[in-house]
Amino acid sequence: MDLGQINDAINGDRRSLARTLSAIENGSININDVKQNVKITNKLQAPNWQSLAITGAPGVGKSCLIDKLLSIWAGSGLKIALLAIDPSSPRTGGALLGDRVRITSVDDESLKDNIYIRSIATRKSSGNVPLIVADMVDFLHVAGWERVVIETVGSGQSEVRCAAIADRIVVVEGPARGDGVQAEKAGLLELADAVIVNKSDLSGAEKHAEELLESFELGLGDAPPVMLTSALNENGVAEAASVLLDLPDSGRSVRARWRERLLAHYERKILESPKLDDILSSLAIGSISIDDALNTLGGR
Amino acid sequence: MGNNLRIVIAKPGLDGHDRGAKVVARTLRDAGHEVIYTGLRRTAKQIVETVRDEDARFLGLSSLSGAHNHLFPRVCELLIEEGLSDVIVFGGGIIPEDDRPALFSSGIKAIFGPGTPTDEILEFIDTASGMNDVGVGAKNDWHWQSAA
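Take a look at the structure:
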């Protein structure tokens, strides 16, 4: 463990921060060892939340909206990091990480000291947020980044697993998502602490927001806030930024969140097992069964 | 697989032609690397900050605007100033033969023109990643001899 580098990262050196995050991501250092070995001088005031996952289907405008939110938050003096996650190819392991194309707030001279952006590939993990991101979030807090936004891979229901690591979950929707897909979206929306219907400049956005609100009010517990924004015209974004910053834990679906967390941790345990390669080879030639594999991996 | 590198592919300056950059990005992705694409019209400073924050080992610059003689060395200078001397920089686009020696001496380690087989770029990445002291701040004059 390169303690000099870690201390430089904590003292504000961006390159050391980037390198330390890589070391955590690659598993060459462990966040708990880091925390035990460094003097944590950045005493952060415990804010309402430290990590916020922003998720939703591809093309609803997550990146654009996040860019505007970052500008507003960083402009108000918050130090804010974005971990932008894109998928790795299951075939080659490669990834094209393109979130920076739309995120330009970090180019603003007056804001860039308050914004750190890091693109992350899902690598071996099957979910939309690899669990190692939780450790990266942890280190960013140690290094004085008050709030961390996690932009998940844009896809359907699999994103629920981001619940495993974020303090809050925001689901971004677009207009005209149609009645037929309501049921399909249920999994994700049930875990949301807030919902944003973006592209409010297009027709159907308002109607969709009303439908969502109605469906929440039929459910148990308090309805999460449902907000309309147009990241393009910046309508409603300032209001959303302020609501999100103080977003309380909805307290909804607590068991469901723990279920996702448990599954995510279990998956990580399997993926990081030194026995995994051998087990996969044995499975491939048929010398063991799935039950045998699970028994071995489960450590029983 | 397993030997994945983080590589930034950047488009410096006023230049809207990104097909080359996208082909290279895709080639590197398919070879198992993690490619961070900056999008169009980035300044040298923005590119260097991206390389720093993303902890990239390689930086690929693509230029078809004719401004490479200004932009490529500027990026190299700033990388060294920022303490990123070990980042390996390569370039591509419309780069006349006569311009290349000066770019190589500014720290660019390979230049790929139109018609370069994508395999050659991968070969360069493999070779350079296995070498010591080939970053932008290296004190030797090694550079890749492109066949194209």
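Residue numbers (our numbering), protein chains in the order written: chain A, 514 to 813; chain B, 856 to 1003. We put the CB at the ideal spot given by N, CA and C, even for glycine. All values reported here derive from a predicted model rather than from experimental measurement.
Subject >> Counted within 10 angstroms of its Cβ, other Cβ atoms place N746(A) as buried (16 or more) or exposed >> reply: For this step, residue 746(A) is matched to residue 233 along the first sequence. Under this definition N746(A) is an exposed residue.
Subject >> Span of the beta strand (DSSP E), counted from its first residue to its last, around R631(A) >> reply: On the first sequence, residue 631(A) is found 118 positions in, with the first residue counted as 1. Element bounds for R631(A): 628-634.
Subject >> Beta carbon proximity, M856(B) to chain A, threshold 8 Å >> reply: Numbered from its first residue, the second sequence carries residue 856(B) at position 1. In this predicted model, M856(B) has a pLDDT of only 39, less than 50, meaning its place in the structure is not dependable enough to derive any value.
Subject >> Where G989(B) falls, given that 16 or more other Cβ within 10 Å makes a residue buried >> reply: Here residue 989(B) corresponds to residue number 134 of the second sequence, with the count starting at 1. In the sequence as presented, Gly is not what sits at residue 989(B); that position holds Val. By the neighbour-count rule (16 or more Cβ atoms within 10 Å), V989(B) is buried.
Original post:
Got a sec, what are the start and stop residues for the alpha helix (DSSP H) D521(A) sits in?
Top reply: Translated into the one-based positions of the first sequence, residue 521(A) becomes position 8. Residues 516-523.
**OP:** Leaving out five residues on either side along the sequence, give the residues of the same chain with a beta carbon under 6 Å from the beta carbon of G693(A).
**Re:** By 1-based counting over the first sequence, the position of residue 693(A) is 180. Reliability fails at G693(A), whose pLDDT of 44 lies under 50, so the model's placement of it is uncertain and the value that follows must be treated cautiously. Within the same chain, G693(A) has no close Cβ partners at all.
**OP:** Answer yes or no: does any C-beta atom of chain B fall closer than 8 Å to that of R660(A)?
**Re:** Sequence index remark: in the first sequence, residue 660(A) carries index 147 (1-based). R660(A) does not count as touching chain B.
**OP:** Grab the span of the alpha helix (DSSP H) containing V547(A) for me, first residue to last.
**Re:** The residue labelled residue 547(A) in the question sits at position 34 within the first sequence. For V547(A), the enclosing alpha helix (DSSP H) starts and ends at 544-550.
Original post:
Any idea what DSSP makes of E664(A), helix, strand or coil?
Top reply: To locate residue 664(A), count along the first sequence from 1; it is residue 151. Strand at E664(A).
Original post:
What is the DSSP secondary structure of A594(A), reduced to helix, strand or coil?
Top reply: For this step, residue 594(A) is matched to residue 81 along the first sequence. Strand at A594(A).
**OP:** For the beta strand (DSSP E) holding T568(A), just list the boundary residues, first then last.
**Re:** Taking the first sequence and counting its residues from 1, one reaches residue 568(A) at position 55. Here the beta strand (DSSP E) through T568(A) covers 564-569.
**OP:** Pull up the distance between the alpha-carbon of I801(A) and that of G811(A), whole angstroms please.
**Re:** For this step, residue 801(A) is matched to residue 288 along the first sequence. For this step, residue 811(A) is matched to residue 298 along the first sequence. Rounded to whole angstroms, I801(A) to G811(A) spans 15 Å at the Cα level.
Original post:
Are any of the Cβ atoms in chain A nearer than 8 Å to that of G894(B)?
Top reply: The count along the second sequence starts at 1 and reaches residue 894(B) at position 39. For G894(B), a Cβ of chain A is located within less than 8 Å of the residue's own Cβ.
**OP:** Within the same chain, show all residues whose beta-carbon is closer than 6 Å to that of C577(A), passing over the 5 residues directly before and after it, in chain order.
**Re:** To locate residue 577(A), count along the first sequence from 1; it is residue 64. So the list reads R615, A744, once near-sequence residues are dropped.
Subject >> beta strand (DSSP E) segments (min. 3 residues) lying fully within the stretch 756-806 of chain A >> reply: none
Original post:
Where do the N-terminal and C-terminal ends of the alpha helix (DSSP H) with R955(B) fall, by residue?
Top reply: Locating residue 955(B) in the second sequence gives position 100, where the first residue counts as 1. First-last of the alpha helix (DSSP H) with R955(B): 955-961.
**OP:** Excluding the 5 residues preceding and the 5 following A647(A) in the sequence, name in chain order all residues of the same chain whose CB lies nearer than 7 Å to its CB.
**Re:** Here the question's residue 647(A) lines up with position 134 in the first sequence. Taken in chain order, the residues that qualify are I678.
Original post:
Nearest-angstrom Cα distance between K575(A) and F913(B)?
Top reply: Within the first sequence, numbered from 1, the residue matching residue 575(A) stands at position 62. Within the second sequence, numbered from 1, the residue matching residue 913(B) stands at position 58. One alpha carbon belongs to K575(A), the other to F913(B), and they sit about 28 Å apart.
Subject >> A531(A), DSSP secondary structure in three states >> reply: The residue labelled residue 531(A) in the question sits at position 18 within the first sequence. Helix at A531(A).
Subject >> In DSSP terms, what E889(B) is bridged to >> reply: Taking the first residue of the second sequence as 1, we reach residue 889(B) at position 34. According to DSSP, E889(B) bridges with A608(A), R861(B).
Original post:
At least one CB of chain B closer than 8 Å to the CB of Y779(A): is that the case?
Top reply: As a working mapping, residue 779(A) is identified with position 266 in the first sequence. It does not: the Cβ of Y779(A) has no partner Cβ on chain B nearer than 8 Å.
**OP:** Answer with buried or exposed for E538(A), where buried requires no fewer than 16 other C-beta atoms within 10 angstroms of its C-beta.
**Re:** By one-based count along the first sequence, residue 538(A) stands at place 25. That one is buried.
Original post:
By a C-beta neighbour count over all protein chains shown, 10 Å radius and 16 as the cutoff for buried, is I798(A) buried or exposed?
Top reply: Numbered from 1 along the first sequence, position 285 holds the residue referred to as residue 798(A). I798(A) should be labelled exposed.
Subject >> 8 Å contact criterion, which V906(B) and I864(B) should meet: CB distance rounded >> reply: Walking along the second sequence from the start, residue 906(B) turns up at place 51. Walking along the second sequence from the start, residue 864(B) turns up at place 9. Wrong, their Cβ atoms sit about 11 Å apart, outside the cutoff.
Subject >> Proximity below 8 Å, CB of G946(B) to CB of L919(B) >> reply: Position 91 of the second sequence, counting from 1, holds the residue named residue 946(B). Position 64 of the second sequence, counting from 1, holds the residue named residue 919(B). No, the Cβ-Cβ distance between G946(B) and L919(B) is not below 8 Å.
Original post:
Beta-carbon of I891(B) versus every beta-carbon of chain A: anything under 8 Å?
Top reply: Position 36 of the second sequence, counted from the start, is the residue given in the question as residue 891(B). Chain A contact via Cβ: present.
**OP:** Excluding the 5 residues preceding and the 5 following R874(B) in the sequence, name in chain order all residues of the same chain whose CB lies nearer than 8 Å to its CB.
**Re:** Counted from its first residue, the second sequence places residue 874(B) at position 19. Excluding sequence neighbours, R874(B) sits near nothing in its chain.
Original post:
If we cut at 8 Å on Cβ distances, does S535(A) have a partner in chain B?
Top reply: Against the first sequence, residue 535(A) aligns to sequence position 22. It does: the Cβ of S535(A) has a partner Cβ on chain B nearer than 8 Å.
Original post:
Can you list the residues of chain B that R532(A) reaches, using a CB-CB cut of under 9 Å?
Top reply: The sequence position of residue 532(A) within the first sequence is 19, counting from 1. Residues of chain B passing the Cβ test: D910.
**OP:** In the DSSP assignment, find the unbroken beta strand (DSSP E) run with I709(A) in it and report its ends.
**Re:** Locating residue 709(A) in the first sequence gives position 196, where the first residue counts as 1. Looking at the DSSP string, the run of the beta strand (DSSP E) that includes I709(A) is 707-710.
Original post:
Between which two residues does the alpha helix (DSSP H) containing R929(B) stretch?
Top reply: What you label residue 929(B) is simply residue 74 of the second sequence in a count that begins at 1. Note, R929(B): alpha helix (DSSP H), 923-936.
Original post:
Among L701(A), A531(A), D580(A), V661(A), which one has its Cα closest to the Cα of E773(A)?
Top reply: Stepping through the first sequence from its first residue, residue 773(A) is reached at position 260. Among L701(A), A531(A), D580(A), V661(A), the Cα nearest to that of E773(A) is on L701(A).
Subject >> Among N995(B), S1001(B), P956(B), G962(B), the one whose alpha carbon lies nearest that of P972(B) >> reply: Against the second sequence, residue 972(B) aligns to sequence position 117. Checked all of N995(B), S1001(B), P956(B), G962(B); the closest Cα to P972(B) is S1001(B).
Original post:
Any Cβ of chain B within less than 8 Å of the Cβ of A744(A)?
Top reply: If you number the first sequence from 1, residue 744(A) lands on position 231. Judged by the 8 Å Cβ criterion, A744(A) is not in contact with chain B.
**OP:** Determine, using beta carbons only, whether S623(A) comes closer than 8 Å to chain B.
**Re:** Here residue 623(A) corresponds to residue number 110 of the first sequence, with the count starting at 1. No - not a single Cβ of chain B is within 8 Å of the one on S623(A).
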